[in-house]
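In terms of numbering that gives the first Met the number 0, the sequence shown is residues 0 to 227. Even for Gly, the Cβ is constructed at its ideal location relative to N, Cα and C. Let me begin by presenting the structure, written as structure tokens, before commenting on it.
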Amino acid sequence: MKVKPLLEGKPFMTEYGIVGYSTVVLIACDDEKNILYDCGSKGCALQLKEALEKAGMKPEDITHVVISHLHFDHVGNLPLFSDAEILLNKIEWESANQTPDEWHSIQTLAYLEKRGNLRFVKEGDIISEEVSVMELPGHTPGLIGLRCGAETILCSDAMKNRYELWKNIPLMSQNLEQSRRSIQRIKENARYIYPGHDGMLDLLHENSDEYPAVTLRYADGRQIDIKA
Numbered sequence: 000m001k002v003k004p005l006l007e008g009k010p011f012m013t014e015y016g017i018v019g020y021s022t023v024v025l026i027a028c029d030d031e032k033n034i035l036y037d038c039g040s041k042g043c044a045l046q047l048k049e050a051l052e053k054a055g056m057k058p059e060d061i062t063h064v065v066i067s068h069l070h071f072d073h074v075g076n077l078p079l080f081s082d083a084e085i086l087l088n089k090i091e092w093e094s095a096n097q098t099p100d101e102w103h104s105i106q107t108l109a110y111l112e113k114r115g116n117l118r119f120v121k122e123g124d125i126i127s128e129e130v131s132v133m134e135l136p137g138h139t140p141g142l143i144g145l146r147c148g149a150e151t152i153l154c155s156d157a158m159k160n161r162y163e164l165w166k167n168i169p170l171m172s173q174n175l176e177q178s179r180r181s182i183q184r185i186k187e188n189a190r191y192i193y194p195g196h197d198g199m200l201d202l203l204h205e206n207s208d209e210y211p212a213v214t215l216r217y218a219d220g221r222q223i224d225i226k227a
């Protein structure tokens with residue numbers, strides 16, 4: 000099994016709101032399953048296809064897409080993977096359909112309903128020999144992560160960045176207490192963590208919650224300073 004980040008999420012906020020650039024991870028399994036964990040926002044489609052190509056794959060080579068949760072920045076490129084089975088937690092599906100908001104695309108929900116090859120998964124379900132489902136609620140009610148082998152957890156926005164890792168303070172959560180428990184569970188069960196909006200974290204060496212300053216500059220001269 001090989002775990003490879005295709006897109007590295009960013010912990011960005013601007014004066015206009017959140018920048019939806021989330022982590023996408025490829026798991027190439029020994030049993031020839033190719034699992035994608037999340038698929039990013041629509042604006043990242045080209046980068047995602049290029050990253051797959053560099054990994055020696057095409058969208059049609061992906062056998063499973065595991066959706067951590069149904070926020071727009073994690074599900075925008077589902078149509079690229081029309082041959083893949085979509086795996087999702089039932090609680091997440093029901094919650095998104097019952098309480099739609101600006102984070103959930105009605106078009107995405109309708110697309111999944113029509114598409115048909117959607118399978119609900121829960122805590123402990125085995126996707127491949129070394130890949131199993133973890134329920135990590137808090138950020139959303141039905142968020143799921145993946146346990147890959149003995150040391151690696153893909154956790155998406157259950158723990159979005161290193162700030163949440165070290166401060167144990169969820170920055171955005173529908174249930175703060177659940178989020179804190181999920182973060183603690185991740186920390187207790189992994190060395191390598193792939194969060195939703197940061198690079199891979201190695202708990203043996205990670206000792207900083209500082210982020211570099213970043214500025215977005217536009218052709219018309221505008222610029223936006225980005226903070227964690």
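Inset, instruction - Excluding the 5 residues preceding and the 5 following residue 88 in the sequence, name in chain order all residues of the same chain whose CB lies nearer than 7 Å to its CB. - result: Working through the sequence shown from its first residue, we reach residue 88 at position 89. Cβ-Cβ distances below 7 Å link residue 88 to 119, 120, 121, 134, 141, 143 in the same chain, with the five nearest sequence neighbours on each side left out; the list follows chain order.
Inset, instruction - Give the straight-line distance between the Cα atoms of residue 113 and residue 193, rounded to the nearest whole angstrom. - result: Taking the sequence shown and counting its residues from 1, one reaches residue 113 at position 114. Taking the sequence shown and counting its residues from 1, one reaches residue 193 at position 194. Computed Cα separation, rounded: 31 Å.
Legend entry - Best match in 2, 3, 23 for proximity to residue 159 [C-alpha to C-alpha]: One-based indexing of the sequence shown puts residue 159 at position 160. Nearest Cα to residue 159 within the set 2, 3, 23: 23.
Legend entry - Residue interval of the alpha helix (DSSP H) (run including residue 89): Here residue 89 corresponds to residue number 90 of the sequence shown, with the count starting at 1. Counting along the chain, the alpha helix (DSSP H) containing residue 89 begins and ends at 89–97.
Legend entry - Simplified DSSP assignment, three categories, for residue 170: Indexing the sequence shown from 1 puts residue 170 at position 171. Reduced to three states, the DSSP call for residue 170 is coil.
Legend entry - Check whether residue 62 and residue 84 have beta carbons under 8 Å apart: Position 63 of the sequence shown, counted from the first residue, corresponds to residue 62. Position 85 of the sequence shown, counted from the first residue, corresponds to residue 84. The criterion of a C-beta distance shorter than 8 Å is satisfied by residue 62 and residue 84.
Inset, instruction - Express the C-alpha separation of residue 50 and residue 212 in angstroms, rounding to a whole number. - result: In the sequence shown, residue 212 corresponds to position 213, counting from 1. In the sequence shown, residue 50 corresponds to position 51, counting from 1. With a pLDDT of 46 at residue 212, under the threshold of 50, the modelled position of that residue is not reliable, and no figure is offered here.
Legend entry - Among 79, 58, 138, the one whose alpha carbon lies nearest that of residue 90: Walking along the sequence shown from the start, residue 90 turns up at place 91. Taking only the C-alpha atoms, the option nearest residue 90 is 138.
Inset, instruction - Take residue 4 and list the residues in its own chain whose beta-carbon comes closer than 8 Å to its own, dropping the five residues that flank it on each side. - result: Position 5 of the sequence shown, counting from 1, holds the residue named residue 4. Taken in chain order, the residues that qualify are 22, 23, 24, 25, 193, 198, 199.
Legend entry - Sequence-distant residues of the same chain with beta carbon closer than 7 Å to residue 32, five excluded per side: Mapped onto the sequence shown, residue 32 falls at position 33. Cβ within range, chain order: 62, 63, 127.
Inset, instruction - For residue 68, count neighbouring C-beta atoms within 10 Å of its own C-beta (all shown protein chains included) and say buried if the count is 16 or more, exposed if not. - result: What you label residue 68 is simply residue 69 of the sequence shown in a count that begins at 1. Looking at its Cβ environment, which holds 16 or more other Cβ atoms inside 10 Å, residue 68 is buried.
Legend entry - Where the alpha helix (DSSP H) containing residue 107 begins and where it ends: Looking up residue 107 in the sequence shown gives position 108. If you look at residue 107, you'll find it in the alpha helix (DSSP H) that goes 105–114.
Inset, instruction - Go ahead and label residue 37 buried or exposed: buried means 16 or more other beta carbons lie within 10 angstroms of its beta carbon, across all protein chains shown. - result: Against the sequence shown, residue 37 aligns to sequence position 38. Buried, since its Cβ has 16 or more Cβ neighbours within 10 Å.
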